[in-house]
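Right, one structure below, let's go through it.
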Amino acid sequence: MSAYLFYPGCSLSGSAKAYAGSLAAILDPLGIELREIEDWNCCGASEYLTLSPLGGHALVARNLALAQRQGDGTRTLVAPCSLCYVNLAKTDRYARDDPGLGARLNDALGAGGLTYEPGSIAVRHLLEILVDDVGLEAIAAHVRRPLRGLRVVPYLGCLVTRPDLDRRWTHHERPRVFDSLLAALGAEVVDFPLRTACCGGHMTQISPDTGFTLIRRLVDAASRLGADLMATVCPMCQMNIDAYQAEMNRHFGSHYHMPILFFTQLIGLAFGSPPEALGIGTEIVSARAALGRIGIEVPAPAEPEAAAAPARRAKKPAGLPMPSLGDEDDR
Amino acid sequence: MTSGDRTEHRPDAFLAEVRAATPAASRIETCIQCGTCGGSCPSAADMDHTPRAIFAMVRAGLRDEVLASDTPWMCVACYLCAVRCPQEIHIPDVMYAIKSIASRSGRVPDAVAVDFSRLFVGNIRRYGRSYEVGLAARYYLRHHPLRLPGIAPMGIGMVTKGRLGFIPHRIEGLDGLRAILARAAAIEAADRAAVPA
Amino acid sequence: MTGPRVGVYVCHCGTNIAGVVDVAAVRDWALERLGPHGVVVARDYPFMCSSLGQELIEKDIAELGLDRVVVAACSPHMHERTFRGACGRAGLNPYLCELVSIREQVSWVHTDRDAATRKAEAVVAGGVLRVREQVPLEPLRVPIAPATLVIGGGIAGISAALELADAGYPVHLVERQPSIGGHMAQFDKTFPTLDCAACILTPRMVDAGMHPNITLHTWSEVVDVSGHVGAFSVRILHRPRYVDTDLCTGCGICEEKCPAKVVDPVFESGIGYRKGIYRPFPQAVPKYPVLDPEHCIYFERGTCRACEKLCPTGAIDFEQQPEEVTVEVGNIVLATGFEPFDARRVEAYGYGRYPNVFTSLEFERMSNAAGPTGGRIVLRDGQTEPRSVAIVHCVGSRDRNFNPYCSAICCMQSLKVAHLVREHTEATVYELYIDMRTPGKGFDEFYQRVQDEGTHLIRGRVAEITDVLRLPDEAGEDGRLIVQVEDTLAGRQRRIPVDMVVLSVGLEPPSDAREMARRLGITCSSDGWVIERHPKLDPVATMTDGVFAAGCALGPRDIPSSVANGAAAAARILGRISQGELALEPIRASVDEARCSGCRICNDLCPFGAISFERGRGTEVDPALCQGCGVCIAACPAGAISGTGFSDAQILAQIEGLLFPGTIHPEAGLDAVVAGSATTPEPEAVPA
Amino acid sequence: MTATLPTAGRTSPTEAAVPFEPVIIGFTCNWCSYRAADLAGTARIKYPPNVRLIRLMCSGRLDPAFVLKAFAAGADAVVMTGCWPEDCHYRVQNVKALRRFELLRRVLTDLGIEPARFQRVYASAAEGQQLADAFTRIVADVRALGPLDWRVDLADPAAAADEPVDGHEPAGTPEAPAPPEPAAVTA
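Sequences listed follow chains A, B, C and D, in order.
Taking the numbering used here, I'd label the letters of the first sequence as residues 4 to 334.
Taking the numbering used here, I'd label the letters of the second sequence as residues 10 to 206.
Taking the numbering used here, I'd label the letters of the third sequence as residues 44 to 731.
Taking the numbering used here, I'd label the letters of the fourth sequence as residues 20 to 206.
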């Protein structure tokens, strides 16, 4: 059993409850124990930094300070939300790089009776824990119900591989690590060119035209590639593509129907958990039909299915030889 | 006096202000104006200036024009520009800095974006956590009342599927958090004051 | 009491030194505080290196009977030779002159005048105390071998080899590939004149191949270099060609009949094929083919031998083994060129994923009439002519994520590509650049010509190349590539649909450049390019005497510069060879037999095998092999080894000088304490 | 050596106001770090004037006696600079220097000289900026440590007896720096 400090983030008790529930369902088989930071506060999303950059970092620093104080025999702090992950990692990194910032943050923390030593907490995304620490082999070993036949888009979103301030990734735009994880569940993984493209973030709120354009781009590419559903590691991405898809469709007069599930839900399904226990059915764009095609029954009222666009097949290269891509590393 | 006049007398004043508002390094002065940021940006099409142009304007001291620009408000902080930038400029952080200067000086080009941030931050200061229902309700009523009919089914769906909680969570150490944020604000104000005006 | 009589000369170097260091104060301080240490005269002068400055020193040596000189000026790497020369002319042993740097290491790096002046005083004191311990030395004279090793058979190496060989001296030209010619042999046209690359290169290749003074070592590697200037010993590994070059006539039947066909990643840049036994191109020098065992059916499966059966002279030899030869040379020219940047590293450009994204080197082969498409510009399908082409500058260059430097040739190469596309096709051409750099002769005129031809020049670094549509109105472009870029002059993001993209890849040092540099004892910059002895005044010499560099081994440059470098390196070497012997710095270790205990610790420490021990004869240092590093001196437990020029006494004295009282912990009070205590050194020399 | 070293009681208020400026001896290799220092100069890169350089042909020439001599003669710190481990002009001699460095550092630590007072820096001939940065950092390190005061201890056993076992005052000691050892030159 590996234990980690855990920063769930606000959305896991709200719009991303399914993420929390499905994560809880797979912890035991994966041998992971998550110890929630006591009395953590919101990371500020992109909003606190907008009004007060130092305040935004101080807000995050409180969580780092709480994590450092709590300790629990580990210094690794896991965040399941990509935005929380980046905020936590960035504050720590900048405080390490710039001692002046570190001193300012500790000055602020002092007002709340806290202190944080930059670098004392290692912030990692939940996905990294699963692929690096648990490992794909261990995950594959727990698969009871392979997702064979399910065409899944590995949609990683922006903030797992970027800004990568600690240089842990070789590929900031087309990493294959999420593909490998989904493949280990038996799914058919779509080679998705937009795997780290932006979902629009808070643009659905402040500039809907921009937000809908970005959502459409993703959903359109996924549909063209004949995907059954998208998999995500981020509550923000899930929210935008799931909850705003209908409004996007109205905006463009389109009829896309592209479900998006948390990767933990797919892992749970592959491990054999019942869909209800994984929060499946709480998505707005229903995954019922897609899952039904591979024999997973989701007990929920069906929604009208939009006709999926025909899959586009890559042209087979002929003529001049192609450069080889070589043995690429996953990340 | 136009900002242009002021500029040529104090060419680096606004650059210094932006740098002071950017925690850690901004590297903005190393920009080679290649446009990788503007070419990469998913929302560049909806910006009045590209990020590169904003950096040139900062260097030129065009404070009024920069603060009036919607560019930083259209930044989604996806960091695509940041990993591609050949000069490793911390572009999203500079955008945050400009937004904070603009919101403080009351020159926001579009009240919607800053108000969303203010509502969000207000919830944090009130509860220590974000409060999705409260945020959405206040925000849509104030800025997008016409979107409400369209968005209502989604909202209802979210509620019936148990994805929106109506009771905000208040953290226990709220007083401590507020003290930290107040102290941070004071330090930030002192930093600002230290920049030669 | 007699002791050394030292003169101190403080240079202003205009304001370079005097602008920061109070030179008059240093002069006075030296006379006053170092008088007890033998300083009999101290002067300052605006430019010590001028002939008047040097005459000042010569006159003092003659008139004041100086027997030691300290010049406080620039780095010894700049003017040590100058001032030693002045001393020599005045009859003083040149090695009794010490040049200490108060410019590079004081005035140019410090701003506080008081602190800099105090440090300059300390540096002068270090020099004075050090030079007192110096003894007269004579340079080591060594004979110089007339042959030269040229590593790399591209245009730079060929140029160097031909200059040397034409002057009548032997040359060993080592090339890793089966043929000399380098990258230039791959090109179609050369900018800005659009000469056919092969037409101007092949005559020089043939000259090199036929020259009686040039020994070609192709398909070979330099595996070891030992010795020193004048007498390098070089081991060269000849990889087996599996062809007996004494019998082969170069008729090409083997190549024609070989059934194995593989992609040629080297000469054809991966867009063409070659056989299992092949010559990379028809004009290859030497004319003999090479059999590639990795792709030979006989080596793979044990049967075939078609080449052997059909060779009219029986030249195929499957039993050939690697062979090593050793050559003795006096000088070395490193001309190992560059490797193209691996475009796959820029993920956003999709090279390797999108078939119609090409590199500039692939394009060179494609537009070459002798290349895989016969000179036709086509998409990866080998058939379709593009209707629109985007040329992307600075791929891997000017980017802190990859290479921070400008690759120098790509702007012109890209313009050439634009011209060639227009010449061969009807396509619309987009040229996407950050800055257009055309500083050579005829370069900007060529740029304007390409503009006149209707090329769309867009100032903006390409952000990404994609086939993903963004908006419903892009549906018509399905299947094409979209170049996404900010047009920085228009201030707008543009998405330009094209059929073909050419990536102008930057230049990188060969992947084993550092290894080669280590073998030669030279240094590379952090980018991996060879560092010149002086970037302006000695641009083809390296830090290691006798090792020169030419062409892109020194950094990205075009063909004319590479040719000029090769000739310049040859000229430097010819000047030395013609003198028959060399004078070397006499920095060597020697053993005091009386103190040597025979422990032999030093023997193993010397990487040059210069130290030997024999019973009865004791420990000996061979001055021809010793390079003067001094490790043995520091290690000898008995203190039996000493080193000329850098003896223990000299260095210990310099340490004392650098920490001279009054130059450290600069509080006036402390100075007074020292001066008032009983610790003032005894005067030893009579002040002037 | 019979010098009587001045002892406590010499700190005047004006002296105390002057910040401590350490003096650091830097040994350089002729082929890499000395040229890096030249390059820093040519490029006008600034670093504090507290570092004074000695040119050796190779960092492997660095005799431990040189380091001890520098400390004894008043240096507050010593820096050994040389080529990167695989870039030695003399093939592998800098690796020998490195081994010697580690041993010597241990000995110095036993003598009560903090590790920060004996540091190692790699700098190729192209790394003027890196060398200058390293010097800047080391000067700051040593400034924070304060003057090397072992000479007082050695000269005055009574004073040393009052010291804690590890023998060192922390930074910010009210003691003024001890004067250097006399530069008695033996002919």
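Even glycine gets a Cβ: it sits at the ideal position worked out from N, Cα and C.
Item, Value
"Beta strand (DSSP E) segment containing residue 120/D, residue limits", "Not the beta strand (DSSP E): residue 120/D falls in the alpha helix (DSSP H), residues 112-129."
"Residue interval of the alpha helix (DSSP H) (run including residue 99/A)", "85-100"
"Bridge-paired residues (DSSP) for residue 577/C", "581/C"
"Reference residue 133/A, options 22/A, 33/A, 162/A, 265/A, closest by Cα", "33/A"
"Contacts that residue 197/B makes with chain E (C-beta to C-beta distance below 8 Å)", "Structure shown: chain E not included; protein chains present are A, B, C and D."
"Beta carbon of residue 403/C nearer than 8 Å to that of residue 456/C", "yes"
"Which of helix, strand or coil DSSP assigns to residue 204/B", "coil"
"For residue 123/C and residue 325/A, the rounded distance between their alpha carbons", "57 Å"
"Minimum Cβ-Cβ distance from residue 216/A to chain C less than 8 Å", "yes"
"Residue 332/C and residue 311/C closer than 8 Å at C-beta", "no"
"Nearest-angstrom Cβ-Cβ length linking residue 92/A and residue 146/A, presumed shorter than 8 Å", "Incorrect: roughly 30 Å between the Cβ atoms, too far for contact."
"Test: residue 49/B CB closer than 8 Å to a CB of chain C", "yes"
"Strand pairing of residue 47/D, partner residues [DSSP]", "74/D"
"Expected contact under 8 Å - CB spacing of residue 619/C and residue 625/C to nearest Å", "6 Å"
"Contact set for residue 234/C: own chain, Cβ-Cβ below 6 Å, skip 5 residues either direction", "455, 459"
"Which residues DSSP lists as bridging residue 215/C, in chain order", "192/C, 258/C"
"Residue environment, residue 275/C, which counts as buried when at least 16 other CB atoms sit within 10 Å", "buried"
"Contact list for residue 163/B against chain A, beta-carbon separation under 8 Å", "246, 247, 249, 250, 287"
"Rounded straight-line distance, which links the Cα of residue 496/C to that of residue 488/C", "12 Å"
"CB contact flag (residue 377/C, residue 194/C, <8 Å)", "yes"
"Residue-level contact to chain C via CB, residue 255/A, 8 Å cutoff", "yes"
"Chain D residues whose Cβ lies nearer than 8 Å to that of residue 689/C", "75, 76, 80"
"Residue 91/D to residue 98/D span [Cα, whole Å]", "15 Å"
"Which listed residue (84/C, 198/C, 163/C, 134/C) has its alpha carbon closest to that of residue 600/C", "198/C"
"Three-state secondary structure assigned by DSSP to residue 390/C", "helix"
"Neighbour list for residue 165/C in chain D, Cβ cutoff strictly below 9 Å", "42, 71"
"Residue 141/D - DSSP class collapsed to helix/strand/coil", "strand"
"Test: residue 288/C CB closer than 8 Å to a CB of chain D", "no"
"Bridge-paired residues (DSSP) for residue 125/B", "DSSP, once it has assigned bridges, lists no residue as partnering residue 125/B."
"Three CB pairs or more closer than 8 Å across the stretch 103-112 of chain B and the stretch 44-54 of chain A", "yes"
"For residue 383/C, the three-state DSSP class (helix, strand or coil)", "strand"
"Test item: CB-CB of residue 151/A and residue 272/A under 8 Å", "no"
"Minimum Cβ-Cβ distance from residue 314/C to chain A less than 8 Å", "yes"
"Within chain B, the residues that residue 652/C reaches when beta carbons sit closer than 9 Å", "Per Cβ cutoff of 9 Å: no residues; residue 652/C is ~47 Å from chain B at best."
"Within chain A, partners of residue 109/B - CB distance below 7 Å", "53, 54, 55, 56"
"Per DSSP, the bridge partner or partners of residue 321/C", "333/C"
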